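J.: Here you go, one structure.
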Amino acid sequence: NFDELESKTEMFETGVKVIDLLTPYVKGGKIGLFGGAGVGKTVLIQEMIYRVANNHDGVSVFAGVGERTREGNDLIEEMSDSGVIDKTALVFGQMDEPPGTRLRVALAGLTMAEYFRDVQKQDVLFFIDNIFRFTQAGSEVSTLLGRMPSAVGYQPNLADEMGLL
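Counting from 1, one number per residue, gives the positions in the sequence shown under my numbering.
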């Protein structure tokens, strides 16, 4: 509930020393993890999921928006092999699925994260991969609905969609 929210700032210890020292994560905050293909973003995500499960007894939620089928399968296998699949919720909207499905995957993941936080009272680490594909799916849905794009080509309700998320 809103009246139960606290405004204290608490650091989330990832267990990854370079992150905890140079760019500490704040519980309840948002972090963008940017990098080119093959630089280790997924490896870092997997490491943080593992540490949340084992060091914090928390849960991780991963929403794969527009993921390749292979990437989703690899992530499921990795979570199973490391023994944290029971502390991980995964939801995928594959890149070959309709834009409406891909658009709703991030919101479905958010609903899962809210459940673990509010009902189960657990610490939750929530990942969306890839937020740009979420925006693309919204643009495709907007086009299908006949909405006029903005001057730069995005859907007119982009701010609403991002705010909702």
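Every residue, glycine too, gets a C-beta built ideally from N, C-alpha and C. Remember, predicted model here, so these are calculated numbers, not experimental data.
Following the continuous alpha helix (DSSP H) through Ile-76, name the residue where it begins and the one where it ends.
T.: 69-81
J.: What are the start and end residues of each continuous beta strand (DSSP E) run of 3 or more residues lying completely inside the stretch 102-138, in chain order?
T.: With a minimum length of 3 residues, the continuous beta strand (DSSP E) runs that stay inside the stretch 102-138 are 124-129.
J.: Can you tell which of Ser-7, Gly-29, Glu-78 and Thr-88 has its C-alpha closest to the C-alpha of Ala-63?
T.: Thr-88
J.: Rounded to the nearest angstrom, how far is the Cβ of Thr-9 from that of Val-26, given a contact under 8 Å?
T.: Their Cβ separation, rounded to whole angstroms, is 6 Å, which keeps Thr-9 and Val-26 in contact under 8 Å.
J.: Quick one, are the C-beta atoms of Ala-106 and Leu-145 less than 7 Å apart?
T.: With contacts defined as CB atoms closer than 7 Å, Ala-106 and Leu-145 fail to qualify as a contacting pair.
J.: Mind checking Met-11: buried by the 16 CB within 10 Å criterion, or exposed?
T.: exposed
J.: What's the C-alpha gap between Asn-54 and Gly-28?
T.: Distance between the alpha carbons of Asn-54 and Gly-28: 19 Å.
J.: Report the three-state DSSP secondary structure of Gly-66 (helix, strand or coil).
T.: strand
J.: With which residues is Met-148 paired in a DSSP beta bridge?
T.: Met-148 is not bridged to any residue.
J.: Could you tell me whether the Cβ atoms of Gln-122 and Gly-58 are closer together than 7 Å?
T.: yes
J.: Nearest to Gln-120 by alpha carbon, out of Ser-60, Met-48, Val-18 and Leu-22?
T.: Ser-60
J.: Let me know if Glu-114 comes out buried or exposed under the rule of 16 or more other beta-carbons within 10 Å of its beta-carbon.
T.: By the neighbour-count rule (16 or more Cβ atoms within 10 Å), Glu-114 is not buried but exposed.
J.: Would DSSP call Met-48 helix, strand or coil?
T.: Of the three classes helix, strand and coil, the one that applies to Met-48 here is helix, per DSSP.
J.: Would you say Val-65 and Gly-93 are within 7 Å of each other, going by their C-beta atoms?
T.: yes
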